[in-house]
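Right, one structure below, let's go through it.
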Amino acid sequence: MDASAVAGCFRDKTILVTGSTGFLGKLLVEKILRVQPGVKKLYLLVRAPDDASAEQRILSQVLEKDLFNTLREKHGLTGFQRLVKEKIVPLAGDIGFHNFGLDGSRVDSICEEIDVIINGAATTNFYERYDVALASNALGAKYGCEFAKKCRNLKLLLHVSTAFVSGTQGGLLLEKALQLGETLRQGYHLDIEAELQLVEKAKAERTTAKGGSSDQSEKTTMKELGFKRAPHFGWPNVYAFTKAMGEMLLEQHNEDLPIVIIRPTMVTSTYQDPFPGWIEGARTIDAMIVAYDKQSFPCFIGDLKDIMDVVPADMVVNATLVAMVVHWNEKGRAIYHVGSSLRNPLVVHLIEDACWDYFSIHPRLLENGKPLENRRPYLFKSFAFFRAYLILMYKLPLEILHAVSLLFCGMFAQYYKKHNQRYTFLMLSVKLYAPYAFFKGRFDDTNLTKLRMEVKMDGNENIFNFDPKSIDWYSYFLSVHVPAVLKYEHKKKRSI
1047 MDASAVAGCF
1057 RDKTILVTGS
1067 TGFLGKLLVE
1077 KILRVQPGVK
1087 KLYLLVRAPD
1097 DASAEQRILS
1107 QVLEKDLFNT
1117 LREKHGLTGF
1127 QRLVKEKIVP
1137 LAGDIGFHNF
1147 GLDGSRVDSI
1157 CEEIDVIING
1167 AATTNFYERY
1177 DVALASNALG
1187 AKYGCEFAKK
1197 CRNLKLLLHV
1207 STAFVSGTQG
1217 GLLLEKALQL
1227 GETLRQGYHL
1237 DIEAELQLVE
1247 KAKAERTTAK
1257 GGSSDQSEKT
1267 TMKELGFKRA
1277 PHFGWPNVYA
1287 FTKAMGEMLL
1297 EQHNEDLPIV
1307 IIRPTMVTST
1317 YQDPFPGWIE
1327 GARTIDAMIV
1337 AYDKQSFPCF
1347 IGDLKDIMDV
1357 VPADMVVNAT
1367 LVAMVVHWNE
1377 KGRAIYHVGS
1387 SLRNPLVVHL
1397 IEDACWDYFS
1407 IHPRLLENGK
1417 PLENRRPYLF
1427 KSFAFFRAYL
1437 ILMYKLPLEI
1447 LHAVSLLFCG
1457 MFAQYYKKHN
1467 QRYTFLMLSV
1477 KLYAPYAFFK
1487 GRFDDTNLTK
1497 LRMEVKMDGN
1507 ENIFNFDPKS
1517 IDWYSYFLSV
1527 HVPAVLKYEH
1537 KKKRSI
C-alpha cells in the first residue's frame, strides 16, 4: 500500500470528528483535507450553544490557525474558503452527553451519512476537575461507542487515548486492552458507576455544608477529589486515570464494532508535516524548556541517563490515518502504541544539551540589555531530596519574610504572596510530573511496527511517515522543538 492508496480511502467518505479544536484534532482535520480534498464531508463536533456559534468557534480556533497556511497556499484564499464551505460542517454538541447532546432527528440524519468516527475529544489537564475529566475522557468514550452503533454504514470508530493508561509501571508495556474494573493496585477494583456517584455525593455535601456551593469552591473540591482518586487506584493523575476508564467502557460496549485505539506517548511539535515546529500549548517536557528560557528553576527532578518517550504530533496523525485504512470495516479492536522508546530512545541529556546549545547560540537579554547567564539546572534523582532542598532554600526564607512583613504591618505582603504562589505552583507541577521524570516503562510497539510495513516508505519525504528512527533527536530539539515552544510561549505572553 502506498500513500495514494491511504489518501484514496477517504475519498467520498463522511467523517465525524470530536476534539477538532484540540492539538491533534486540528492536525487530523488539516491532514485529511490536504491529502484528500475529495473527502465528502467532515462533521466537526464542538461545545457551543448552537451551530452558528459552533461555526464561529471552528473558524477562530481551527481554520484561522497558521497550521492551515499550507492548504491556503495550495488552493488560494478563495479556493480554501470554498473547500471549507463544501467539506466542513460544524456541529454544536458535547461528548459528555448521550447522543453527543444532539436532538433525535439530527442524530438520525447524521448517522445515515457517517462512514467514520474519530473520537479525539479529551481534557488533557493533569489537575482537571474530576467531574469534567470523567464526562470527557470516560463517558465520552462510552457515548461515542453508542453513537457508532447507530451508524449503519460505519466503517471504523477511531479512539485517541494515551499510552499512559498504563500508569507508571515499569518493564515492557504491551498493546493490550484494559478490562472493566482492573486497576494498577493489587487487590483493588474500580467501579466506574460508583466513581460517578461519588462525584455527585461530593457536590451535594459541599452545597449542604456551605449553604450553596460557589463555583470556585466546587472547582477546588472536584480537583482535589480527582487528585486523590487517581493514585488511590494506581494512576499518577486524573488524566491518565479517566482515559483508562474510557478504554474500559469502550471495551465493555463495543459489541464487535470496528475499533482502533491509538495510544500516543508524550506528543511534541510537528517533525515535518505540514511544516516543522507547529505546536499549541506547552506539554509535559516543555515546562523544562520554558523554565530553562527564563532560568527560573535552578534545579529540577530527573536523571540525564533516563529515557523519555516522545513522538512528534504529525507522526501520531500519520499512524492514525494509516491504521484507519488498514482496519477499514474490520470487526474487532486493534491497539497501537505510538512512541519512540524502543525504536529510537530519547535520552534526557540530549534535551538538556539541545537547550544549553540553543540558548548559547540565542542568548536572552535582561531588561538592561545585558545577556542572561546560561546555567544548567541541577537534576535531583529523588523527589524527597528535591522537596527538602526547595523547603530549605525557598519556603523557609519566604516564611521568615512573611513573619517580618507581619511585624511591619504587611510591608512585604505582595512580594510574599507573589513568590509563595510561584513556590506552590512549582511544587504542584513537580508532584504531577515527577512520575514521568522517573518513568522506567517501555511501550511495546509490535503492532505499530507491523503497521509501518503496510506502507511503502519513500525516505523522509513520505507524507505518511511515522518512523521515529528517522528522527535525529538532538537536531530536532535544537532546530525545531525548542524554538517552537518558545515561539508559542512568547506569542501567548503577548496576547495576555
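Numbering (this note's numbering), first residue to last: 1047 to 1542.
Heads up, the beta-carbon is just placed ideally off N, CA and C, and yes, glycines get one too.
Asked, Found
"Assign Val-1363 to buried or exposed, taking buried as 16 or more other Cβ atoms, counted over all protein chains shown, within 10 Å of its Cβ.", "buried"
"What is the residue span of the beta strand (DSSP E) that Phe-1523 lies within?", "Phe-1523 -> no beta strand (DSSP E), and no H or E assigned at all."
"Could you name the residues of the same chain whose beta carbon sits closer than 6 Å to that of Gly-1139, not counting the 5 residues immediately before and after it, in chain order?", "Leu-1091, Phe-1146, Gly-1147, Leu-1148"
"Extract the residue ranges of the beta strand (DSSP E) inside the region 1452-1535, only unbroken runs of 3 or more that lie entirely within it.", "1487-1489"
"Between Asp-1339, Gly-1233, Leu-1137, which has its C-alpha nearest Leu-1412's C-alpha?", "Asp-1339"
"If you measure between the beta carbons of Asp-1161 and Lys-1059, is that distance less than 8 Å?", "yes"
"Judging by CA-CA distance, which residue of Tyr-1534, Asp-1096, Asn-1115 is the nearest neighbour of Val-1336?", "Tyr-1534"
"On the criterion of 16 or more Cβ atoms from any shown chain inside 10 Å, does Arg-1275 qualify as buried, or is it exposed?", "buried"
"Rounded to whole angstroms, what is the Cα-Cα separation between Val-1528 and Ala-1328?", "11 Å"
"Round the Cβ separation of Leu-1224 and Val-1211 to the nearest angstrom and send it over; I've been treating them as touching at under 8 Å.", "6 Å"
"So is Asn-1506 buried or exposed if we call it buried at 16+ other beta carbons inside 10 Å?", "Confidence in Asn-1506 is poor, its pLDDT being 42 and thus under 50, which makes the residue's placement too unreliable to answer from."
"In whole angstroms, what is the alpha-carbon distance linking Ile-1238 and Gln-1082?", "40 Å"
"Hey, Ile-1163 and Leu-1074 are a contact pair by Cβ (cut 8 Å); roughly how many whole angstroms apart?", "Ile-1163 to Leu-1074, Cβ: 12 Å. No contact."
"Would you kindly work out how many angstroms separate the C-alpha atoms of Arg-1268 and Tyr-1173, rounded to a whole number?", "Going by the sequence as given, residue 1268 is Met instead of Arg. Distance between the alpha carbons of Met-1268 and Tyr-1173 is about 10 Å."
"Could you pull the start and end residues of the beta strand (DSSP E) that Phe-1273 belongs to?", "Not the beta strand (DSSP E): Phe-1273 falls in the alpha helix (DSSP H), residues 1261-1278."
"On the DSSP letters alone, give me the boundaries of the beta strand (DSSP E) that Asn-1420 sits inside.", "Element bounds for Asn-1420: n/a, residue is neither H nor E."
"For Lys-1441, which residues from the same chain have a beta carbon less than 7 Å from its beta carbon, with the 5 sequence-adjacent residues on both sides left out?", "Tyr-1469"
"Would you list, in sequence order, the uninterrupted beta strand (DSSP E) runs of no fewer than 3 residues that lie entirely inside the region 1090-1142?", "1134-1138"
"Distance, Cα to Cα, Arg-1488 vs Lys-1077?", "29 Å"
"Taking C-beta to C-beta, are Met-1361 and Asn-1511 nearer than 8 Å?", "yes"
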